[in-house]
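Some notes on the structure that comes next.
In my numbering, the protein residues as written are -9 to 415.
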């Protein structure tokens, strides 16, 4: 690694600033990230200076000032640069890098993100808030969401009291990346884009973007590589800890061995099919704080410890802090009631997606072709049982089945609808 880094240093040190900036117009991945990491692990500040040669001024300067100049840029070329900026901040402490990474995240999430948590159309950022006009078969490149999750983790680690970061993480993971893999494939084939046009279908897209699912030997897209990584990292970011606090960021069946405290925590849940997660503590008795993310969509959350309501402050979009002397056998039950709500397109409040809790719902149109976004009668949307995520609705006077978008495989679907009336209940 150091030999390769030395080669990079030797080659780039011969270039003037202007020559280097010209070279950075070509996609170069996360070079500033890896070089900053080398600086961190070697404790040699030389490598931070080499990393900073990859600071792309035309991208970094507007973001430092919180100015959105992303329109027309190739999206996934930029994302690794921002991750690298945060690594540069961690190593060198220059706040401008924190501003660049944080502003980039806020701009993308608030101005360039579709309801499923993905971004970009035909691999590029469009004008701020341009969503309704870009619902095509080449929306939401998978690599972008993969890298947005990395950026999100970095930012959250710098501010672990801000639950909004993992609200976004949850949205993109559940609604975009979980559905990227073909469930009918024995080899884990994945998509490049996730079409959001009316009547779209995963695995069907423009020929230049793969056109279909990946294959064993005839595909080598960027999204195939990150797609493989995504599905080996589903256990990432569920838990984080400090010396005295354990953070629960995701509701995923899992077991954590917290060796520093000599305890294990087992999370049992069917989330998001169910709204309840149970945590069982085993091991040594000790005092520490369990910090549980209460999602912004969960307005009536509750927490019980050993079957009794916990005396803690519970607010949506915040962390609930449970500090106590924990002993083996203790249980914590977190209930996050879900409800229907709409996610309107930034540029057209009459057009939007339907969500139940964090889950975007898609309409099943089978093999039918749609010539535009169908109109949905919001009041007609009804859950088909007290559990599960199957819904029925009326669209254009006809019944339509709704279910989780992450399960929308093998049929044409609708994600964005013309919204009519109001949700009931």
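C-beta: ideal position from N, C-alpha, C; glycine also. Computed from a predicted model, the values in this text were never measured in an experiment.
key: Euclidean distance between Cα positions of residue 120 and residue 69   = Within the chain shown, residue 120 is the residue found at index 130, counting from 1. Within the chain shown, residue 69 is the residue found at index 79, counting from 1. So the two alpha carbons sit approximately 19 Å from each other.
key: Own chain, CB closer than 8 Å to residue 149, minus 5 neighbours either side, in chain order   = As a first step, residue 149 is located in the chain shown; it is residue number 159 there, counting from the start. Contacts found: 155.
task = Drop a sphere of 10 angstroms on the beta-carbon of residue 135, count the other beta-carbons inside from all chains shown, and report buried for 16 or more, exposed for fewer.
result = Reading the chain shown from its first residue, position 145 is the one you call residue 135. It is buried - the Cβ of residue 135 has at least 16 other Cβ atoms within 10 Å.
key: Cβ shell of residue 17 (< 6 Å), same chain only, five flanking positions each side left out   = Here residue 17 is taken as the residue at index 27 of the chain shown, counted from 1. If we look at residue 17 and ignore the five residues flanking it on each side, its Cβ neighbours are 67.
task = Step through the CB atoms of chain B and report whether any lies within less than 9 Å of the CB of residue 294.
result = Absent here is chain B; the protein component of the structure consists of one chain.
query = Are residue 187 and residue 129 touching if we call contact CB-CB under 9 Å?
reply = Here residue 187 corresponds to residue number 197 of the chain shown, with the count starting at 1. Here residue 129 corresponds to residue number 139 of the chain shown, with the count starting at 1. The answer is yes: Cβ separation under 9 Å.
query = Helix, strand or coil for residue 52 per DSSP?
reply = Locating residue 52 in the chain shown gives position 62, where the first residue counts as 1. Helix at residue 52.
task = Could you tell me the boundaries of the alpha helix (DSSP H) in which residue 91 lies?
result = The residue given as residue 91 occupies position 101 in the chain shown. Segment 85 to 101, the alpha helix (DSSP H) holding residue 91.
task = Give me the Cα-Cα distance between residue 10 and residue 96, rounded to the nearest whole angstrom.
result = The residue labelled residue 10 in the question sits at position 20 within the chain shown. The residue labelled residue 96 in the question sits at position 106 within the chain shown. Answer to the nearest angstrom: the Cα atoms are 28 Å apart.
query = Which residue spans inside the segment 206 to 230 form an unbroken alpha helix (DSSP H) run of at least 4?
reply = 212 to 220
ask   = With respect to the alpha helix (DSSP H) encompassing residue 244, which residues constitute its N-terminal and C-terminal limits?
value = What you label residue 244 is simply residue 254 of the chain shown in a count that begins at 1. Residue 244 -> not in any alpha helix (DSSP H); beta strand (DSSP E) instead, spanning 244 to 248.
inquiry  = Pairs of beta-carbons, one from the segment 111 to 120 and one from the segment 265 to 273, closer than 8 Å: are there three or more?
reply    = no
query = According to DSSP, what are the bridge partners of residue 0?
reply = Along the chain shown, one-based indexing puts residue 0 at 10. The partner list for residue 0 (beta bridge, DSSP) is empty, contrary to what the question assumes.
Where the beta strand (DSSP E) containing residue 314 begins and where it ends = What you label residue 314 is simply residue 324 of the chain shown in a count that begins at 1. Here the beta strand (DSSP E) through residue 314 covers 308 to 316.
query = Around the Cβ of residue 222, are there at least 16 other Cβ atoms within 10 angstroms (buried) or fewer (exposed)?
reply = Taking the first residue of the chain shown as 1, we reach residue 222 at position 232. By the 10 Å Cβ count, residue 222 comes out exposed.
key: DSSP three-state assignment for residue 36, whether helix, strand or coil   = In the chain shown, the residue the question calls residue 36 occupies position 46. Of the three classes helix, strand and coil, the one that applies to residue 36 here is helix, per DSSP.
query = Are the CB atoms of residue 106 and residue 165 nearer to each other than 9 Å?
reply = As a position in the chain shown, residue 106 is number 116, starting the count at 1. As a position in the chain shown, residue 165 is number 175, starting the count at 1. Their beta carbons are under 9 Å apart, which means residue 106 touches residue 165 by this criterion.
query = In this structure, does DSSP put residue 416 in helix, strand or coil?
reply = For residue 416 there is no data in the structure shown, the boundaries of the chain being -9 and 415.
ask   = Taking DSSP as the reference, what is the three-state secondary structure of residue 62?
value = Here residue 62 refers to the residue found at position 72 when the chain shown is read from its first residue. Residue state, collapsed to three classes: coil.
request  = Below 8 Å on the Cβ atoms is my guess for residue 312 versus residue 295; work out the distance and round it to an integer in Å.
outcome  = In the chain shown, counting from the first residue as 1, residue 312 sits at position 322. In the chain shown, counting from the first residue as 1, residue 295 sits at position 305. Contact flag correct, Cβ pair sits at about 7 Å.
ask   = Which class does residue 237 belong to by DSSP, given the choice of helix, strand or coil?
value = For the purposes of this step, residue 237 is identified with residue 247 of the chain shown, where counting begins at 1. The answer is strand: DSSP assigns residue 237 an E or B state.
key: Nearest-angstrom Cα separation, counted from residue 170 out to residue 256   = Within the chain shown, residue 256 is the residue found at index 266, counting from 1. Within the chain shown, residue 170 is the residue found at index 180, counting from 1. Taking the straight line from one Cα to the other gives about 28 Å.
query = Apart from the five residues on each side of it in sequence, which residues of its chain come closer than 7 Å, Cβ to Cβ, to residue 193?
reply = As a working mapping, residue 193 is identified with position 203 in the chain shown. Answer for residue 193: 172, 181, 202, 203, listed in chain order.
ask   = Just how far apart, CA to CA, sit residue 301 and residue 184?
value = The residue labelled residue 301 in the question sits at position 311 within the chain shown. The residue labelled residue 184 in the question sits at position 194 within the chain shown. Each residue's Cα considered, the two are about 43 Å apart.
inquiry  = Once DSSP output is grouped into helix, strand and coil, what is the label at residue 161?
reply    = Position 171 of the chain shown holds residue 161. In the structure shown, residue 161 sits in a helix (DSSP, three-state: H, G or I).
ask   = Is residue 14 near the ligand NAP, going by C-beta to nearest heavy atom under 8 Å?
value = Looking at this structure, you won't find the ligand NAP or any other ligand, since it has none at all.
task = Check whether the segment 312 to 322 touches the segment 335 to 342, counting contact only when three or more Cβ pairs, one atom from each stretch, lie closer than 8 Å.
result = no
query = When the Cβ atoms of the segment -3 to 16 are set against those of the segment 39 to 51, are three or more pairs found closer than 8 Å?
reply = yes
query = Can we say the segment 233 to 250 touches the segment 212 to 221, given the rule of at least three CB pairs closer than 8 Å?
reply = no
ask   = So which of 213, 289, 307, 212 has the shortest CA-CA distance to residue 239?
value = Your numbering for residue 239 matches position 249 in the chain shown. Residue 239 has its Cα closest to that of 307, out of 213, 289, 307, 212.
message = Tell me which residue opens and which closes the beta strand (DSSP E) that residue 257 is part of.
response = Indexing the chain shown from 1 puts residue 257 at position 267. Unbroken beta strand (DSSP E) run through residue 257: 253 to 259.
message = I'd like the span of the alpha helix (DSSP H) that includes residue 11, first residue to last.
response = Walking along the chain shown from the start, residue 11 turns up at place 21. Counting along the chain, the alpha helix (DSSP H) containing residue 11 begins and ends at 7 to 13.
inquiry  = Bridge partners for residue 343 per DSSP, in chain order?
reply    = Here the question's residue 343 lines up with position 353 in the chain shown. Paired residue(s): 333.
key: Residue from 263, 88, 132, 379 whose Cα sits closest to the Cα of residue 109   = Along the chain shown, read from residue 1 onward, the residue named residue 109 stands at position 119. The shortest C-alpha separation from residue 109 is found at 132.
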